[in-house]
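Under my numbering, the first residue of the sequence shown is numbered 130, with each subsequent residue one higher.
Just so it is clear, CB atoms sit at the ideal spot from N, CA and C, and this is done for glycine as well.
Heads up, the thing below is written out as structure tokens.
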Amino acid sequence: MIEEHARVVRAEPGTAWVEVMRKSACGSCALAGGCGTAGIARYLRGRRGAVHMRVIDPVGVQAGDQVVIGMEEGALLRGLVQTYAVPLLAMLLGALGGKLLGAALGLSAPDAGTLAGGALGLAAGLANVRRFSRRIAADPAYQPIVLRRADAPTLPLVFHHGDGGRG
Numbered sequence: 130m131i132e133e134h135a136r137v138v139r140a141e142p143g144t145a146w147v148e149v150m151r152k153s154a155c156g157s158c159a160l161a162g163g164c165g166t167a168g169i170a171r172y173l174r175g176r177r178g179a180v181h182m183r184v185i186d187p188v189g190v191q192a193g194d195q196v197v198i199g200m201e202e203g204a205l206l207r208g209l210v211q212t213y214a215v216p217l218l219a220m221l222l223g224a225l226g227g228k229l230l231g232a233a234l235g236l237s238a239p240d241a242g243t244l245a246g247g248a249l250g251l252a253a254g255l256a257n258v259r260r261f262s263r264r265i266a267a268d269p270a271y272q273p274i275v276l277r278r279a280d281a282p283t284l285p286l287v288f289h290h291g292d293g294g295r296g
């Protein structure tokens, strides 16, 4: 389970809207001061520092609560593959198909076939993302969930060895 801290902005029965601060891994890197990627991350954080999202709320939180939200790693990984890898792969396969088709047809500008095939492949990949997004929009397996209040006390685990808990 991937966990993140958030602040509840609005609570509704069974769901809540939370605000999560964007973070960049660049802050912990030793080269963060001189890296262009870190500079871009600082710039974007200044413009859009928080993300608002709807989460499932089995806990019963209220606006202003600090909470821990979570999502299953498998669902996140499937979503990332569908969103990024499938369109990229479709574009590359489309470009290859366009190049081969252009060569087979004897086009005088073979790069035009590559470009057209890549564009069609990317369009097909993005259409797949749209279908996938619609399919999972109401699927609880793909929705973040409130796991607990962030300030909720945790109970210590006590283990007793061999004496049945006596002594």
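Check                                                                                                                                                   : Outcome
Are the region 177–193 and the region 254–268 touching by the rule of at least three beta carbon pairs closer than 8 angstroms?                         : no
Ordered along the chain, which non-local residues of its own chain (more than five positions away) have a Cβ less than 6 angstroms from that of Gly227? : Gly242, Thr243, Ala245 and Gly246
I'd like to know whether the C-beta atoms of Val190 and Arg277 end up nearer to each other than 7 angstroms.                                            : no
Which residue marks the beginning of the beta strand (DSSP E) containing Glu132, and which one marks its end?                                           : Ile131 to Glu141
In whole angstroms, what separates the C-alpha of Leu205 from that of Ala219?                                                                           : 21 angstroms
Do Gln211 and Ala279 have their CB atoms nearer than 7 angstroms?                                                                                       : no
Could you please give the first and the last residue of the uninterrupted alpha helix (DSSP H) stretch that includes Glu148?                            : First-last for Glu148: Thr144 to Met150, but that is the beta strand (DSSP E), not the alpha helix (DSSP H).
Which residues mark the beginning and the end of the alpha helix (DSSP H) in which Leu251 is found?                                                     : Pro239 to Ile265
Rounding to the nearest angstrom, what Cα-Cα distance links Val188 and Pro269 in this structure?                                                        : 15 angstroms
Taking a contact to mean a Cβ-Cβ separation below 7 angstroms, would you say Ala135 touches Ala192 in this structure?                                   : no
In or out: Asp240 buried (at least 16 other Cβ within 10 Å) or exposed?                                                                                 : exposed
Under a three-way DSSP split, which group does Ala179 fall into?                                                                                        : strand
With a threshold of 16 other CB atoms inside 10 Å of the CB of Gly250, please say whether the residue is buried or exposed.                             : buried
In this structure, what does DSSP give as the bridge partners for Gly199?                                                                               : Glu132 and Ile274
Considering just the uninterrupted stretch of the alpha helix (DSSP H) at Val215, what are its terminal residues?                                       : Val215 to Leu234
In the DSSP assignment, what are the bridge partners of Phe184?                                                                                         : Residue identity differs from the one stated: residue 184 is Val in this sequence, not Phe. According to DSSP, which records beta bridges pairwise, Val184 is partnered with Ala145.
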